[in-house]
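Numbering (my numbering), first residue to last: 54 to 736.
The structure appears below as structure tokens.
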Ligand code: GAL
Ligand code: ZN
């Protein structure tokens with residue numbers, strides 16, 4: 054199987070989406086000149102070119118693409134060639150309206166924007182397959198083409214009749230018989246029993262709450278149906294060009310795809326990351342998405358898209374202050390990216406994204422943005438030594454799309470429960486401690502992690518529960534958040550409200566009630582580690598411990614005196630339970646204490662606030678996300694790969710500054726030892 058390393062070959066790749074069909078030929082030459090100036094290695098071509106490549110059904114117009122690929126190749130730019138299937142041409146919708154998606158109430162989602170296809174439509178699928186075959190045939194052997202980019206940000210939904218038939222086929226495979234389906238969906242309630250398969254439909258607009266397991270299965274189905282579109286194209290490409298890895302770009306922590314299942318089908322995992330420059334926690338958000346992507350990839354990954362400046366899809370779109378684009382690009386490399394790309398190379402003058410930044414903005418090559426793009430390209434060339442290296446992580450956050458899907462249903466204890474917000478808060482707590490964190494599936498082997506955090510997994514399978522029990526028994530430290538282990542795979546509430554295995558593990562006899570909190574409502578809790586107390590939001594619970602000790606207690610309100618945080622010894626390990634969402638400082642203190650007990654330490658002692666420190670192999674990345682300069686003490690002298698400068702005892706970092714520090718006489722061994730020991734032993 055081809056891998057990312059076949060394409061990177063010891064370099065950090067650099068570039069972006071290149072959409073030359075928007076421009077006259079004269080600009081193409083200019084583009085190649087500027088790409089060379091910016092040290093661009095890679096252009097992603099043809100992501101939205103379908104109408105240009107196939108102007109009418111079955112016709113082919115490849116001449117322009119021949120020319121573009123040849124020009125790029127002459128300029129030494131490699132190509133990640135896209136299949137254009139994210140955006141079918143208008144003729145498809147006009148001639149075959151059944152390829153257009155229908156929303157929950159049956160209304161057609163029209164062409165005129167992009168992504169208007171029904172994943173279950175055989176007609177769409179057939180056209181997608183043919184253009185993919187022809188692209189593979191024509192360009193598979195082109196010397197510039199190194200990798201395939203299939204579709205773009207798969208995420209459409211459809212509730213049409215074709216989808217209904219496809220959904221039924223999927224359900225037959227899952228359940229075998231109707232009895233099993235009726236049982237799993239709990240159709241005894243509200244007279245929902247299905248007597249024949251033909252009666253079953255996607256969860257369309259209805260009078261009141263739709264069956265939650267039907268809705269959950271429809272999310273599972275939709276992810277699978279889209280994945281089928283991807284794998285159909287992938288198989289064609291793998292067959293014709295076995296040397297070129299295949300990827301598709303994910304949206305960050307996106308609800309519409311089971312990211313674990315999808316990643317398993319890709320040669321290379323890619324993601325698009327667009328933190329808001331105005332968000333004070335943007336760097337934490339970026340780190341979270343990057344950690345998730347690295348974990349999906351199980352190694353180096355591709356930053357397929359980011360913005361050189363502002364995007365155009367927020368209410369207010371902020372540019373990046375000088376240095377921020379560089380800082381966030383280096384953050385991605387620190388967290389495992391071997392490719393740093395942008396959307397898009399040249400900013401459009403027309404169309405819906407003309408106010409979205411590009412590497413070459415409207416202001417042209419003398420713009421500040423292009424100067425920074427050029428600077429970054431030159432710097433990334435010095436980072437060949439980090440390519441392919443791992444990012445050692447001692448902690449893991451458990452995340453599962455199925456649990457997320459089950460959580461978003463209507464009719465639950467609190468509509469304010471926001472799964473990504475909870476995951477973000479927990480990841481940020483670890484990130485602010487500079488504890489490098491992987492994400493893991495709840496069934497994954499956890500033995501190598503000193504600390505495992507479960508921010509909130511409402512649905513846990515039997516296998517996942519047994520896995521958690523085994524992990525703690527074997528000596529692991531688990532920190533488990535509220536409203537976890539409530540439902541089984543079919544969204545059936547576990548006997549006792551929370552699974553017995555989890556309650557035993559946590560040392561909790563009974564969860565009497567969920568007490569979700571209103572907007573603006575807080576609870577206060579105190580404990581030896583939080584003598585001043587802390588406030589918490591979103592959620593609280595009426596708990597009765599069995600063997601667990603209460604380490605923070607609620608003060609005041611309906612739950613006065615009840616446990617907020619508990620800790621239980623189980624087997625050779627420890628299991629903490631956090632029944633609310635502590636304010637950030639308190640949440641930070643929690644994994645810090647648990648990590649400390651588990652022997653997990655940040656890569657460097659005494660890191661100033663706002664400075665991110667992360668090891669990639671033996672290279673120490675220091676990134677200043679704070680608004681003020683910072684000084685980082687060093688236990689041993691190191692060299693900055695970007696500047697060649699040697700730092701003996703400390704590193705001064707201006708706002709948005711970053712260094713990539715290699716040991717002085719770096720032998721660059723593969724598979725470097727975990728970061729914590731490394732620096733401590735060299736100090
Ligand atoms: C991505 C998409 C790109 C472009 C970009 C703008 O989601 O893949 O095509 O639209 O957003 O930020
Ligand atoms: Zn459809």
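Glycine residues also receive a C-beta, built at the ideal position from the N, C-alpha and C atoms.
Problem - Meets three-Cβ-pair contact criterion under 8 Å: the segment 524-539 and the segment 615-634 - result: Flag = yes, the segment 524-539 and the segment 615-634 touch.
Exercise for the section: Just grab the DSSP bridge partners of residue 630 for me. Expected result: 533 and 619
Handout entry: residue 188 to residue 237 span [Cα, whole Å]
Key = 44 Å
Handout entry: Segment contact, 8 Å Cβ cut-off, at least three pairs: the segment 207-216 with the segment 275-289
Key = yes
Exercise for the section: Could you spell out where the beta strand (DSSP E) holding residue 688 opens and where it closes? Expected result: Taken as a continuous stretch (DSSP letters only), residue 688 belongs to no beta strand (DSSP E), as it is neither H nor E.
Handout entry: Among 266, 642, 465 and 361, the one whose alpha carbon lies nearest that of residue 605
Key = Residue 642 is the option with its Cα nearest to residue 605.
Exercise for the section: Check residue 339 in the structure and name its three-state DSSP category. Expected result: helix
Exercise for the section: State the start and end residues of the unbroken beta strand (DSSP E) segment that holds residue 202. Expected result: 198-202
Problem - C-beta atoms of residue 17 and residue 391 nearer than 9 Å - result: As displayed, the chain neither begins before 54 nor continues past 736, which places residue 17 out of reach and without an answer.
Exercise for the section: Pull up the distance between the alpha-carbon of residue 675 and that of residue 177, whole angstroms please. Expected result: 48 Å
Problem - Where residue 727 falls: helix, strand or coil (DSSP) - result: Any reading at residue 727 needs caution, since the residue's pLDDT is 33, under 50, leaving its predicted position unreliable; the model's value is listed next. Residue state, collapsed to three classes: coil.
Practice task
Output yes if chain B places a C-beta closer than 9 Å to the C-beta of residue 589; else output no.
Solution key: Annotation note: the requested chain B is absent from the structure, which comprises a single protein chain.
Problem - the segment 465-477 contacting the segment 89-101, beta-carbon criterion three pairs below 8 Å - result: no
Problem - C-alpha distance - residue 421 paired with residue 372, whole-angstrom precision - result: Approximately 12 Å between the Cα atoms of the pair.
Practice task
Keeping to the same chain, check which residues put their C-beta closer than 7 Å to that of residue 126; ignore five residues upstream and five downstream.
Solution key: 196 and 197
Exercise for the section: Given a cut-off of 9 Å, decide if residue 68 and residue 381 are closer than it, judged by their beta-carbon atoms. Expected result: no
Problem - Cβ distance (whole Å) where residue 445 is taken to contact residue 489 below 8 Å - result: 7 Å
Handout entry: beta strand (DSSP E) segment containing residue 716, residue limits
Key = Taken as a continuous stretch (DSSP letters only), the beta strand (DSSP E) holding residue 716 covers 711-716.
Practice task
Grab me the residues of residue 337's own chain with a C-beta within less than 8 Å of its C-beta, minus the 5 sequence neighbours each way, in chain order.
Solution key: 477, 480, 481, 484 and 485
Problem - Which of helix, strand or coil DSSP assigns to residue 592 - result: Here residue 592 carries a coil assignment [DSSP, helix/strand/coil].
Handout entry: Near the ligand ZN: residue 223 beta-carbon under 8 Å from a heavy atom
Key = Checking the Cβ of residue 223 against the ligand ZN gives no.
Problem - Other residues of its chain near residue 568: CB distance less than 7 Å, five sequence neighbours each side excluded - result: 593, 594, 595, 611 and 612
Problem - Validate contact between the segment 83-91 and the segment 423-434 using beta carbons, cut 8 Å, 3 pairs - result: yes
Exercise for the section: Take residue 160 as the anchor and find which of 645, 303, 201 and 211 has the nearest alpha-carbon. Expected result: 211
Exercise for the section: May I ask you to check if the CB of residue 126 is nearer than 8 Å to at least one heavy atom of the ligand GAL? Expected result: No, the beta carbon of residue 126 sits no closer than 8 Å to any heavy atom of the ligand GAL.
Exercise for the section: Select from 384, 145 and 365 the residue whose C-alpha is nearest the C-alpha of residue 737. Expected result: Look at the range of the chain in this structure, 54 to 736, and you will see that residue 737 is not part of it.
Handout entry: Local conformation of residue 243 per DSSP, three classes
Key = helix
Practice task
Could you name the residues of the same chain whose beta carbon sits closer than 6 Å to that of residue 63, not counting the 5 residues immediately before and after it, in chain order?
Solution key: 437 and 440
Problem - Buried/exposed call for residue 365, threshold 16 Cβ in 10 Å - result: exposed
Exercise for the section: Name, in chain order, the residues that DSSP records as bridge partners for residue 677. Expected result: 664
Problem - Rounded straight-line distance, which links the Cα of residue 632 to that of residue 255 - result: 35 Å
Problem - Buried/exposed call for residue 70, threshold 16 Cβ in 10 Å - result: Buried.
Practice task
Identify which residue in 716, 351 and 360 has its Cα closest to the Cα of residue 491.
Solution key: 351
Exercise for the section: Taking the CB atoms as reference points, tell me whether residue 709 and residue 377 lie closer together than 9 Å. Expected result: Yes.
Problem - Pick from 140, 339, 560 and 158 that is closest to residue 165, judged by C-alpha positions - result: 140
Practice task
Go to residue 184, then tell me how far its alpha helix (DSSP H) extends in each direction, as first and last residue.
Solution key: 175-192
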